[in-house]
Every structure is written in structure tokens, then in C-alpha cells.
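Student: I'd like to ask you about the structure that follows.
Numbering (the numbering used here), first residue to last: 67 to 799.
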């Protein structure tokens, strides 16, 4: 064999091993799985994405923001399923990131990258400047950015590198394993915020704000997408399966935490991610050295929200815990159908929104924002709504071309993507389809029906929607929803029938996948808009930190603070590791209790280098001596010790013949952790006709009230199982 032929053979083998070819892999190939993550939290002081409002500035951090990755490899095929704690993301950023890990076998064709759609993440990194805009708001009229909307090169470069790092870490984690799908439904958490537009799918026309869920033929359930889909991922370790996480999908806007909370936050998705990861780690006895990841991809959440009924970070944690419970239910169900040999295949293409025809008329080739979009959504109205310039339901009396009855306000040609990527992935008996933006539940149903129609006969049982994936092109509404011109219809940019292009393309990808045919040729298009990573970086921060305020004694559910001076705008915070930790003295050692990778600590940093960290003490925190520990990039700083004590925070409430111990409600934006409404377990001392009578409960919420003519619960007489008591005396009779 000549040296040239040998080199060609090596090159061919390398190409085959990294390509996303369309021939079937080896029949006996087993699946390899890996998980990883990387910190994508930026500096403080910037605006938060999603809200596009000068009222939404991030002065600190509530939760770290991450890119979480699950890599699946079987034979020659490999796919990365990614979820990032972002409001949206661009195809250019994904393309630049996968270019860094190209030699590992990744490209834009086999990476499905979804945003969780938290509105508490950064803005200023999108390739197309429209999505970096910040509008003024009443009370914030001097702060906005609608002209200089180019991507911040330092932020963009940071996010590209961190996304690549997350994929590489998951790829490095690859090991033999098994995967399995689980499913459940989650009800009474979300609602359809554009109900009247949704009802139009059934020929029901109601003005905005006047519809009722009972008008839907399927009732409340049909107005939302309750589907919780979970891909369980286990690794083989020393002869046993060790769970390392999941890829999950559920439709829910990341808008429970409002702009008035001035911290970066992953919203309810951040709580669901963390609760699941901690629960899986405990349940699976996962070694500390092994990461556990819940890559939570938002689904068809265009009109789905928990953010109207629920408000603030504490309620976001409650919503996230409900989501986590459902995900764990699906995860356990998946454990009964794990396989080491799942079917794995994919098809990808890019489609131009170029005015093509559909079964219901042509799309537009020019993207247009409608006047109704200017009103904002129910979670946050805009300055145009405040000034009476825009309302949901603003529409023309008759259709005008592809844009239908939309009152055309802004023509966005060149400022948003003209072409969009889409993918269909077969993994076992599920088909994952990617949607580049915010699809309503109506569009989600339409896409699922079309995909299952062409793939159900090939063994596909369910279709999983990965929303906000690989690109962002605002909203996707059904033609009927569009014609009602709610917020989502106003932001459906390419006209009344745009969603039919989405439906038809995904169905065609699925059809070609199950029949073994290659995908349609992708439209030649550069999604970067001239934006690429540079060598720009954030720097190392201050060399030293100096304490400026020491913590004081605190009771449970109270806030304790420590402040110091260092580098500006959070520059001292290290990436991928804790910055602020709370420790408890245990004998001669200090033990970690909480850190800023979790949900109990918030910290802020201003342009002068002033830092303030606060810890919300849990109900169950042990009494004793504590301290703050700051581990910056270049310095280490400890606070003076402070004491945590039990608190007289319980309010005893009599209901019939039972007593409940109620905890104080979290104050919106002032408290940031979930607490239950009532204590579960404890002891209550009753004074019954002058005699003491004690009732104990181990886990129950209700305490039986003894019989007697005069029954009183004295101050301090009601005690939960952590030692917290009631401050006020309660006379029952």
C-alpha cells in the first residue's frame, strides 16, 4: 500500500466515523451516553432578554445560567441534545460553537440546541440585531437601545466558547449506557394566555379577554400542552446502571419572575433543573465525580404560561418543583423500558422563507411585525400599550396579501433571519422535531399530527417538540390564530401561512427519515450576519477583596447579608465554580450549606465594584455558627461568623376541629425561595380548661384540637419539626 493510498484510507475512515450519514449503523452497535454543562452567566449590569425592556436590568445573580448537554452516540451516528438557560439563541452562535468541536464529529446538523426561554437571561448576543433591542418603559424613558443593536463581541465570544465547552464535556463523558423514554401530563400549572386566538382554531371568535376555557371542545386540557416528555440517560459503571440525567421537554414560558427582580435568573426552569438533578443523584447513588444533567428544552410554549397566576422567584421555584415532580414521574416510567440499542437517525435542512406557496396560500418573503405585537404579552405590557398605541386584537377589516389582516408596523427585512434550520431525530420510538422559535400549542398539535401521520407506521409512538431550537424567528401561529392578531400573531413575521411551511418541512424530514431517504438540500444561507467570536475576554477581576459590611444574627426565613469591594460588575466571579458560599461550623471544620450555584443566595455587583451577597435562611437550617466564604478568581474572603436561630414565624390557624401551622407567604421580589404554606409535622401544646395537652404529628399538616370549654394555644406553643414557633397566642374557644 502506498503512503498516498494509506493516507486516503485513513481520511475516509475518519470521515465515516464523524459524518451524520444516512445509511444505517451497525445492527449490534450499542449506545454511548455522556452529559456535560458549562456556565454561561455574563457580567452584571446588562439587560435581560425576552422582556426587551429597559425595566429589566440585571444588577446581580439569583441562579447561574448553564448550557446543559446530553450526547448520544450509536455506531457512526452522534447527536448532542442541548438546553441553554436563555430566552432565545441564534443559528450563527450554534454554528460558531460547533466549529470548535468539529473534530469530535459535531456540526450544525447534529446539534439540537434549545433555549429554556427564561426571560431572566442576558441579551446582546444575537446575530440579528432586532433581538438585541431594548425598548423604553414608562418610568425608564431615558434607558433603551433600539439603534446600536449589534452583538456585544465579548459576550458573544464567551457564549460561543462556553457552548462548545459544554458539548466537549459531554462528549468526553461518553461511556456505554442505556436510554429510555417516559411521559406524563402536568395540569393546573400553565394556561393559554391568548385563549381567544386559540379558540379561533374551532371557529369560535371572541374579543381579547372575553373567552373561557369551557368554550374549547376539549376543555381546559385542550387549551394547553400538558405533555412532559423525558429521555432518561443511564451510564454503565462497574456493572450497574448509573443514572446521569435526562433530556426533558415541557411547554411553559419563562416569565414567572418579572423584570422587577433585578437579578439574572433561570426562572422556574432553573428550579426544575436543579431539583431533578439533585433527586436523580440521590436516587441513583451517583458518585460526586459524575455530573448529573437535566437538559430542559422548552416546547410549544408560544402561548403557554405559568406567569400570569404566579409571580416572583419564590413562586417560580414552586412551579419548577411541580415540573420536577412530573419529570421524575416520567423518568421512573422510562426506567422500565431502557435499551442499550435504540434506533438513532436524523435529518436536517435549512428552509428559506421566500414567499413559497402552501396548501392555504402563499407566505410572505418580507418579515413584518404587526401592531398587535407592540402591545406586549399579558405578563408585561409595553410602553405602546401604556400610551394606547397598540392593543391585542388590532387588525385590518380585510386581508391584504400574505400578511392577512395584520396592521403592518415594522418591516424587518435584513434584521431577522430569512432562512431557518429544522431537524427531525429518531431516538427509539420517539421523533424529536426542532422548531426555531415560539410555536403555539395549536401549531404544536398541527406539527405532531403531520409528523405522526408519516412516521407512526414505522414505529414512532410520540412526537417530542424541541422549541426555541437552533435559531429564533419570533412566533409561529396557526392561520386561524393569526387572523385574531393577538401578541403571538403580530409577531408571526412571514404571514398568515408561515406555520404551514414549518409543518410541511418537519413532516417531510420525518418521512424521509423513516424511509431511509436523504433530506432536502438545505438553502444556502449564512446565519451569522457577520458576527463571529473574537479573542475578547472578560479579564481576571480584582486582586483583592475588602469587606465593607459584616453579617448579623438571623432567624429562619430571614435574610443575612455580607458586602465587600472588588472588581466592577461581577468580574470577580469565577466561571463554572462557586463564588459565594455559606458555611456552618461543625466541630473544628466549616461545612458547606449553600452556594450561588443553587437557589438560596443572591448577590449583586455595581460598576464601582461594590458587592452585596444575601442568604435566605431555610426553614430547616440548623441553629449554630455560620459564615460567608467568597472565592473569587484571584482572592478569597471570609466574613465574621453569625448565628442562625429558630424563628417565631408560625401563625396557628384553626379550621373546624383541626389546627394548622401556617408559614408566612413569600413577598414577591423580596423573598426568593419556596416555602410550603403549612408545616408538616411538629407538636402543639394546648391549654385546655387550664391544663396542658400536647398533640404530636410526625408528618401530618393537621393537629386535632382537644375537646374543652376553653382551648388556647399559647405563644410558643405551636412548634414545627424544626423548632420554629408561633409568636401570637391563639384563643380557639
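For glycine and all other residues, C-beta sits at the position ideal for the given N, C-alpha and C.
1. Using the beta-carbon count (16 or more within 10 Å), is residue 536 buried or exposed?
2. Does the distance from the CB of residue 346 to the CB of residue 309 come in under 8 Å?
3. Just how far apart, CA to CA, sit residue 676 and residue 704?
4. Pick from 270, 184, 117: whose alpha carbon is nearest that of residue 132?
5. Using the C-alpha atoms, what's the distance from residue 685 back to residue 788?
6. Apart from the five residues on each side of it in sequence, which residues of its chain come closer than 6 Å, Cβ to Cβ, to residue 427?
7. Taking Cβ positions, are residue 436 and residue 395 nearer each other than 8 Å?
8. From which residue to which residue does the alpha helix (DSSP H) around residue 387 run?
9. State the beta-bridge partners of residue 150 as determined by DSSP.
10. In three-state terms, what does DSSP make of residue 487?
11. Buried or exposed: which applies to residue 713, given that a residue is buried once 16 or more other Cβ atoms fall within 10 Å of its Cβ?
12. To the nearest whole angstrom, what separates the beta carbons of residue 802 and residue 701, a pair I think is in contact under 8 Å?
13. Could you work out which residue in 106, 95, 101 is closest to residue 663 when comparing CA atoms only?
14. Nearest to residue 481 by CA position, among 216, 580, 669, is which residue?
15. Sorted by chain position, which residues of the same chain lie with C-beta nearer than 6 Å to residue 599's C-beta, five sequence neighbours on each side aside?
16. So what does residue 249 bridge to, in DSSP terms?
17. Looking only at C-alpha atoms, which of 519, 382, 604 sits nearest to residue 25?
18. Kindly indicate the opening and closing residues of the alpha helix (DSSP H) around residue 480.
19. Can you tell me the Cα-Cα spacing of residue 178 and residue 723, whole angstroms?
20. From residue 558 to residue 566, what does the alpha carbon distance come to, in whole angstroms?
21. Can you grab the Cα-Cα spacing for the pair residue 760 / residue 104, in whole Å?
22. Select from 636, 634, 639, 626 the residue whose C-alpha is nearest the C-alpha of residue 649.
23. Within its chain, find whatever has a CB closer than 8 Å to the CB of residue 229; leave out the 5 residues flanking it on each side and keep chain order.
24. DSSP three-state call for residue 548: helix, strand or coil?
25. Return the chain-ordered ranges of every alpha helix (DSSP H) run that is complete within the stretch 398 to 476 and spans a minimum of 4 residues.
26. Does the Cβ-Cβ distance between residue 667 and residue 681 come in under 8 Å?
27. Within the continuous beta strand (DSSP E) that includes residue 697, where are the two ends?
28. Ignore the nearest five residues each way along the sequence and tell me which others in residue 636's own chain have a CB closer than 6 Å to its CB.
29. What does the alpha-carbon distance come out to for the pair residue 447 and residue 589?
30. Taking its Cβ as the centre, do 16 or more other Cβ atoms sit within 10 Å of residue 89, making it buried, or is it exposed?
31. What are the start and end residues of the beta strand (DSSP E) that includes residue 18?
32. Short check: CB of residue 445 to CB of residue 373, under 8 Å?
33. Taking the runs of the beta strand (DSSP E) that are 3 residues or longer, which of them lie wholly in the stretch 612 to 674?
34. Counting pairs of beta carbons, one from the stretch 774 to 781 and one from the stretch 728 to 736, are three or more of them closer than 8 Å?
35. Evaluate residue 365 with the Cβ neighbour count: other Cβ atoms within 10 Å of its Cβ, from every protein chain shown; 16 or more gives buried, anything less gives exposed.
36. Just to check my reading of the structure: residue 403 and residue 247 have Cβ atoms closer than 8 Å, yes? What is that Cβ distance to the nearest angstrom?
Tutor: In brief:
1. buried
2. yes
3. 16 Å
4. 184
5. 7 Å
6. 563
7. No.
8. Start and end: 379 to 400.
9. 133, 181
10. strand
11. buried
12. Because the chain in this structure spans residues 67 to 799, residue 802 falls outside the shown range and cannot be described.
13. With distances taken between CA atoms, residue 663 lies nearest to 106 out of 106, 95, 101.
14. For residue 481, the nearest C-alpha among the options comes from 216.
15. 162, 223, 226
16. 295
17. A question about residue 25 goes unanswered here, because the residues of the chain that appear run from 67 up to 799.
18. Note, residue 480: premise wrong, no alpha helix (DSSP H); not H, not E.
19. Using only the alpha carbons, I get a separation of about 56 Å.
20. 12 Å
21. 52 Å
22. Shortest Cα-Cα distance from residue 649 to any of 636, 634, 639, 626 involves 626.
23. 104, 106, 133, 148, 150, 159, 160, 163, 179
24. helix
25. 449 to 452
26. yes
27. Looking at the DSSP string, the run of the beta strand (DSSP E) that includes residue 697 is 690 to 697.
28. 109, 110, 671
29. 37 Å
30. Here the model assigns residue 89 a pLDDT of 42, short of 50, so the residue's position is not dependable, and the following value carries that caveat. The residue in question, residue 89, is exposed, as its Cβ has fewer than 16 Cβ neighbours within 10 Å.
31. Summary: the structure shown does not reach residue 18, with the chain confined to residues 67 through 799, and so no result is reported for it.
32. Yes; because the gap between Cβ atoms is below 8 Å, this pair is in contact.
33. 612 to 615, 625 to 631, 646 to 652, 655 to 661, 667 to 671
34. Counting C-beta pairs closer than 8 Å gives fewer than three between the stretch 774 to 781 and the stretch 728 to 736, which falls short of the contact rule.
35. buried
36. Right, the Cβ-Cβ distance comes to about 7 Å (below 8 Å), so this counts as a contact.
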